[in-house]
Amino acid sequence: MLAAPPAGAEVAKATPAAAAVAHERLWLGSAWYPEQWPEAAWDEDLRLMKAHGANVVRIGEYAWSRMEPAEGQYDMDWLVRATRLAAKHGLKVVVGTPTDTPPAWLTQKYPDTLQVDGTGKTLGHGGRRQFSISSRRYRDLSRAIVTQMARALKDEPNVIGWQIGNEPTDESYDPEARAAWVAWLKQRYGSLDRLNAAWTTAYWSQTYTDWSQVPFNTDHANPGWMLELKRFITAQWRGFHQNQIDAIRAVVGGNQFITINFGGLGWANRFDRYEMNRDLDFASWDEYVGSGHLKPWRAGASHDLVRGWKRKNFWVMETQPGFVNWAGVSNMLYPGETRALAWQAVGHGADAILYWQWRNARNGQETMHGSIVGPDGKPLPIYPEVQQIGRDMAKASAALAGTQPVSPVAILQDYPSRWAIDFQLHHRDYDQIEVLLDYYRPLKDALGAVDIVEAAAAPLAGYKLVVAPNLNIITDAMATRLTAYVRGGGHLILGPRSGLKDEFNRLETRRQPGPLADLLGGQVEQFHALDEAIEAGDGKAVVWAEQLSPAAPDTDVLLRYGKANGWLDGKPAVISRRAGKGRITYVGALVDDAVMKRLIDTALRDAGVTRAFAVPADVELMTREGGGRTITILVNHGREARDVALPGSMTDVLGGGKVRKLTLPAEGVAVLQQ
Amino acid sequence: MLAAPPAGAEVAKATPAAAAVAHERLWLGSAWYPEQWPEAAWDEDLRLMKAHGANVVRIGEYAWSRMEPAEGQYDMDWLVRATRLAAKHGLKVVVGTPTDTPPAWLTQKYPDTLQVDGTGKTLGHGGRRQFSISSRRYRDLSRAIVTQMARALKDEPNVIGWQIGNEPTDESYDPEARAAWVAWLKQRYGSLDRLNAAWTTAYWSQTYTDWSQVPFNTDHANPGWMLELKRFITAQWRGFHQNQIDAIRAVVGGNQFITINFGGLGWANRFDRYEMNRDLDFASWDEYVGSGHLKPWRAGASHDLVRGWKRKNFWVMETQPGFVNWAGVSNMLYPGETRALAWQAVGHGADAILYWQWRNARNGQETMHGSIVGPDGKPLPIYPEVQQIGRDMAKASAALAGTQPVSPVAILQDYPSRWAIDFQLHHRDYDQIEVLLDYYRPLKDALGAVDIVEAAAAPLAGYKLVVAPNLNIITDAMATRLTAYVRGGGHLILGPRSGLKDEFNRLETRRQPGPLADLLGGQVEQFHALDEAIEAGDGKAVVWAEQLSPAAPDTDVLLRYGKANGWLDGKPAVISRRAGKGRITYVGALVDDAVMKRLIDTALRDAGVTRAFAVPADVELMTREGGGRTITILVNHGREARDVALPGSMTDVLGGGKVRKLTLPAEGVAVLQQ
Amino acid sequence: MLAAPPAGAEVAKATPAAAAVAHERLWLGSAWYPEQWPEAAWDEDLRLMKAHGANVVRIGEYAWSRMEPAEGQYDMDWLVRATRLAAKHGLKVVVGTPTDTPPAWLTQKYPDTLQVDGTGKTLGHGGRRQFSISSRRYRDLSRAIVTQMARALKDEPNVIGWQIGNEPTDESYDPEARAAWVAWLKQRYGSLDRLNAAWTTAYWSQTYTDWSQVPFNTDHANPGWMLELKRFITAQWRGFHQNQIDAIRAVVGGNQFITINFGGLGWANRFDRYEMNRDLDFASWDEYVGSGHLKPWRAGASHDLVRGWKRKNFWVMETQPGFVNWAGVSNMLYPGETRALAWQAVGHGADAILYWQWRNARNGQETMHGSIVGPDGKPLPIYPEVQQIGRDMAKASAALAGTQPVSPVAILQDYPSRWAIDFQLHHRDYDQIEVLLDYYRPLKDALGAVDIVEAAAAPLAGYKLVVAPNLNIITDAMATRLTAYVRGGGHLILGPRSGLKDEFNRLETRRQPGPLADLLGGQVEQFHALDEAIEAGDGKAVVWAEQLSPAAPDTDVLLRYGKANGWLDGKPAVISRRAGKGRITYVGALVDDAVMKRLIDTALRDAGVTRAFAVPADVELMTREGGGRTITILVNHGREARDVALPGSMTDVLGGGKVRKLTLPAEGVAVLQQ
């Protein structure tokens, strides 16, 4: 066994009370940048926030040059004044650390802190995130400014928590990062022989005889090397954040929560988000629609993914007040759609909705982005809709406090497998997020929010059905966990490409699903990238199909290919086997929606999973449970009104009174309590 | 107020007589490179030029290594011989300075003169324009060679003028350019506080505490910084050219004109062409069709733009004799199309048509380009058509001498606004040249050539209608000028996105149109990038629509949106208000051709602008006036013959005699005098 | 005349007996990498190879780090053991030199051996071919390892030959390569005056006054310079290979053959493959289908091209066992298609089919590539089909030994012309390979394999028809050869763009076809890139059309344009003239398939070329002759069975017995002996 990754353990957290504040009610607010405006304008800004129902404001995260205009000369007074003015207006504060935007003096004096990108180019001042996450000096400078901030704000009662940096993205390839890489490899592998064996460096004469020979750039394509680099990047990011977390905790103790806003790319996989979240009190992300309009399945799955990072409710730390500035077409959402988006987020486990941003800076990269007030400080047309959300939340907050989505089904997600497939697509149209969504859509239609959780670590015993659409890498430990789940009575469905690789992204010497082949009583004889659609049952398979073969007498063939490419004609496409008290099923192809729906419906029925009541097309039904309450949230994502019949009389939390049926207009929302 | 840009003033010019020679007749000729051929071949080249009616030849502009084969060793004798041989054939000469192509010895000895592009790459020898416009040494070397040329040619009577370099394009990012940038910033802003305020550097911690911290590359995206960089580049180019102009004037005095050929990208905006033209006697450009065939609206607008750079007639310094070598499909124009192109150019104010090139070099980057004679020195199939143009010009030159297009309507153009919109498109399909052409097309159909002039400086009083399709930046000075124009009786039409920004590309704190909102009596509540077409009046709006609101009681709503995206449904799309003796109209959307035509037709009718007579589709009617003469040029751009009825008897300048009606074949041309 | 290119002469070869072994039978096998697997697994690998009928195995070509784990420490024992184990199983061995993959210690210690690509980027360890072909040190290190290998294996009786490196691709732009470039230029041109004249450096002031000024990068676009760079690259590659060939020959003498696998891009033109092949015993290449399925015309032409490199049979050194890993869609071939592909290759002159690869490495860049056994060492579904090929070859090998395709028609190919056209396409859709295939398709339908041979050197006298579809450069020597061919009774057909350039890629001063214009009795007046299809005879011309004009009284117009772009209307498109005992024809346009078929059919009929018998659509008929035998190979490339009637009774080599007709199933193959 290899040495465990460094820093994998959970670290000190906020006290339960401080952490709980994030979930004790629904939060509404925006990002606000007082440093961009004359202090005389602050009061009116905060008054207008309060007037639309905000209860929180996010400040500070890009203001390093304002807080430390010259090295070691700190000015936190303005920050304290802004915080206290927010308190005067009844607004809580989340403080962002400014480490995404080092000041110009810092970059000028310490060019060794600059990021070197994968092409070898050194970044410069003027944008964001030009620093190296691996720079010791940058970490020290970060610790110093963050410590000063914590000292200034630790006793401000309306400061409820901290956000570290904002939207972590790129790693660095500078010499210091290279040294860290070599150290990482030594710790992980212990000897070059083990590294050479794990990566099969005999291939193409890649054998390393000195640690410093191992490449460190983005050109390389040995899948073993590539996977290890991802693990290293994750660890570097984690260390970068931990440094600041330690600094804050050293000052504020456990009285304020700490989160990271992981940005708008929920499915991004530049680093392992499960690892990154271990050190946080809860997860945050950005929900941006960009061009066009909300895609409910995709957005719902993103929320469920984020909720799964820590298996608890989360914050939407940024979302668009109407439109963004960076999309191909930065159109505005429809009237009501911003509200529908907020309530869908809550239905999937969001406890906070923060808009980016309150008011546009007069210059800088994002002046054209949507905001709630204009550069004139006056409400824009979106303001009344945000005010409506404020009124909604005031009504629903108490009912929803302490509740969260509860799912009888889990979808397994695994960053190593994500990387492994993406490194070697084999078919340009193999989009594993779409593969996951193929399973997610019928599950969400049946269940509302669905847990999307970490394949390697999430407890599975409580789930009636576990679906692993893309488990390309199945480690021995994972195989043990999954076997125990099945034998204990669960139903595990594996998608195509499962179990092809081991933990080093090395081909298994057993055919797929590798360490689960015996449990399955069957294996994959050959995988096929498809250049044409083929028949699968009474539907179609596209892009990918595997030739399965049952080996055990009790392995059932659930689906066969029809007319195909010759090799697959009539061959098994889905096989399944009872094992212990449970069942394991292997789906070898990407099948069409109808075939998938039958597959999932059957699995749900067999597992005894049912839903309270049916809703029309376009209406999303979500449920949060907790504190003995079950809260139902309905959102009509369509452009037409829809009638919904309830299974009984329910309290209409937003509209008031009891209802047995209701009509949701386009973008309409209802919150119901049983 | 900030300090004015350096070198903004007009500089010494040719004497009136020397400058007037450019416009005293129609000029026809080509670019000729005697240095590429044995001297024995020169006479036949010049004889064939004269035989097709040429009266001018352009020489010298890439021959530095021939004129100065080693540092300080000048050989101008061949140039003088070529010039005198041209004189013998009755051809005038325009001399190009060779500074676009430094010799290999220069680049080798002085690598500090090399251009560093925006990615940090240093250019090398072998192409064109590998020098840095900011290199003091390169300017000195340029001055030396140009001085030698001027001395050699100053007394040659057939030398009528000079062209500086050829087709200016890229700036440089070398260390010397960086130093110039810092100096520029200091002069423009005086203090970093003012710079920081203008660019809102509080955003993303961009605050500069030392001048040398300000970035100088092409990665940066702060719109304030980006705009300033464009102004700096303009000034660098202007200084680069002024250096040579001074050198020539010091030798030849005011006896020969000086121009620059700005190249084939009329709408290019790498630098401010108004600024660049201030130092010249007249403007020149390249008209290249490239793939396909002449697009009359686009070509006409390009000519009108170029005429507007100095508000006087111009030269087409290069155009294709049939085809080019660089287009995706370098097809040949139709028979007659080369002639139609020439006469359209004259109709829009060209006083010269020069072909590039006379004869292909046997090797080098452009051997496949169209030419008039082949590498065998014998006429190619295009030769007879060029000869026809020569005969035409011989007949029409006297009538057209001293005339120019006269337009009762102006379209305003502004490079800072061009940059501002392009920096932040917000909708990938927002093409501001297309937006301008939306207005231009109905105006050109109604008027022929239309003045396209500098928003910041062109006198407006004489125009009955002024259209500003893209005035994103409205400075206070511009607002004062436009207000005076309206109050004095003019009609100003503003297009979408007008008045969003100030001179630093900073959001106005008043809503659009910013400093003109009071005059308009209304404002833009919100702009919308459109992801779907919406109704506007009885037509459609696409890509962009703004929600307008009248504030003054006398502000009229001329057009409303119909069914739209919810926000815009029924809202005003065009508002207008009488102000003083005039009127201001704001058009908030990109509307379809029919809606635009009604808008423009109404504005023309209200302004009392009418046209002499109507012409069929595909026939372009252009008028030049001067010296008491009105010359009408008709070109049939279509593929079918067209009959044109004249309003009375007119002299057929090309065909001879008087006509009251005529039939134009495909690509047919007529020149008529009343 | 310029000095001849260095190293142009043929070099020492294998003895006739050693060279003949490559063609003495049909060879079947795979690439095998014992260094990637425990030695205990080798025997089973070799057993399974033998069991499917393999008789050869390729080893060694990427195992440098295994053979020389530290500098000067050689370990060849494993290689000898693997070779002897192969012998035990009756398998011959082809040894690959490992110089495509320098070990990490080498790159680390000698960074001066690294390749600098055309953008100036230095490559690093971890992929393939990161070395500089111009590095003296790398050549020395290569010679050392290759010498050690030769010493270890020279007396192993089952070693039949060597492969130098694998798939040569990129040259290097490092300082040492630059010095070699300057030396090359001095030798080629003797003086800068000659170089300047050849490249017309008077154009754009490119004149060189010092050898070191000449650019050496990939930015430059002077066509003369570009062509010379290609010649230099060819010479560098040739020298790189010759170094190893000399090392091997010094040890093994003439007892083993030497080849190079030129990779999968048969039509690639990074260097001149005729030059590269002069030093080899025979040519090898990779046949990879990639996405989709076999395209018989394209594949056949590729084989014919490769056969033409040395005008003898060749080896398919790599081909896909079902699928690849690098295509957009890496789909599997149909059942039977792998076999059909192998037999088409044999029909076009392949004497060996080697699969890449036997067994996937567990990690490394190509783990997903098709193979014959899996990482578990057990047969994959493709195995039985490969076994079928083994059985086929066992039956057919004796009949085919010593035979090769014989073609009465030659297509001329010329790398300088290839480069010249590609450097200056003039029309983005001008694809000269497609132009060649336009001629090839009707020729192949009529003849089976067609010789595609070197325009500059292949003997022509034996051909009844010679087609030069793309002879853009016609040197004086080539003109002499072609004139002699025509005058001697041959028929030469020239395609468009012929004879535009001389050997320096310089425009001819005679119009096309330049030095052949007098023979043709006509010339090209003007070439036209077409932006629209035009009429040509009763068909169409697209992309390119030239206006031809007969000058001699006996020049015939075979085809005229109809309605075209005005210039070409009614003008000659194809002209032809009897000259001496033969004929020369010039085709000025890219014509449609029907027009081309008539043109070719007429030429074949006039030349008296006929075929033995007709086959249905989709069935390819190929013939190999030798040793008094004529062997016919039929392959049905279609998806339906096809009946073929034979001209008489023939021996069914694979099926046994005599047949007069047969039915070929989809992907069916027959080998027939008369």
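Chains as they are written, first to last, in the working numbering: chain A, 400 to 1073; chain B, 400 to 1073; chain C, 400 to 1073.
Ideal Cβ placement from N, Cα and C applies to all residues, glycine included.
Check                                                                                                                          : Outcome
Neighbour list for N621(C) in chain B, Cβ cutoff strictly below 8 angstroms                                                    : G525, N762, G763 and Q764
Candidates D609(C), A698(C) and Q507(C), of which the one nearest G663(C) by Cα                                                : A698(C)
Where W561(B) falls: helix, strand or coil (DSSP)                                                                              : strand
Contacts of R593(A) in chain C (Cβ-Cβ under 8 angstroms)                                                                       : Result: empty, since nearest Cβ-Cβ is about 13 angstroms, beyond 8 angstroms.
Distance between beta carbons of K449(C) and H488(C), contact taken as under 8 angstroms                                       : 5 angstroms
DSSP beta-bridge partners of G1025(B)                                                                                          : R1028(B)
is_contact[G727(B), chain C] using C-beta, thresh 8 angstroms                                                                  : yes
Cβ of F681(C) within 8 angstroms of any chain A Cβ                                                                             : no
Integer Cβ distance of G727(A) from R827(B), believed to fall under 8 angstroms                                                : 4 angstroms
Same chain, Cβ closer than 6 angstroms to A795(B), neighbours up to 5 away in sequence not counted                             : V1052 and V1070
Contact with chain E by S604(B), beta-carbon distance below 8 angstroms                                                        : Judged by its chain identifiers, the structure shown contains no chain E, and its protein chains are A, B and C.
Counterpart residues of Y754(B) in DSSP-defined beta bridges                                                                   : S429(B) and T718(B)
Endpoints, the beta strand (DSSP E) within which T1062(B) is located                                                           : K1057 to L1063
Which of helix, strand or coil DSSP assigns to H702(C)                                                                         : helix
W441(C) - DSSP class collapsed to helix/strand/coil                                                                            : helix
Cα-Cα separation, S571(A) to T568(B)                                                                                           : 35 angstroms
Chain B within 8 angstroms of F903(C), Cβ atoms only                                                                           : yes
Rounded separation between S429(C) and P415(C) - CA only                                                                       : 25 angstroms
Closer than 8 angstroms to chain C by CB, R827(A)                                                                              : yes
Residue burial classification, K843(A) (beta-carbon count within 10 angstroms, cutoff 16)                                      : buried
Collapsed DSSP secondary structure at G913(B) in the structure displayed                                                       : helix
Meets three-Cβ-pair contact criterion under 8 angstroms: the region 752 to 762 of chain C and the region 808 to 823 of chain C : no
For E434(A) and R480(A), believed in contact at Cβ under 8 angstroms, the rounded distance                                     : Between E434(A) and R480(A) the Cβ distance is about 11 angstroms, and since that is not below 8 angstroms, they are no contact.
Distance CB(Y432(B))-CB(Q547(B)) smaller than 8 angstroms                                                                      : no
Under 8 angstroms by beta carbon: chain C residues contacting D775(B)                                                          : T908, R909 and R910
Residue from L859(B), A800(B) and W436(B) whose Cα sits closest to the Cα of Q812(B)                                           : L859(B)
Residue-level contact to chain A via CB, A916(B), 8 angstroms cutoff                                                           : no
Interface flag, P971(B) vs chain A, CB-CB below 8 angstroms                                                                    : no
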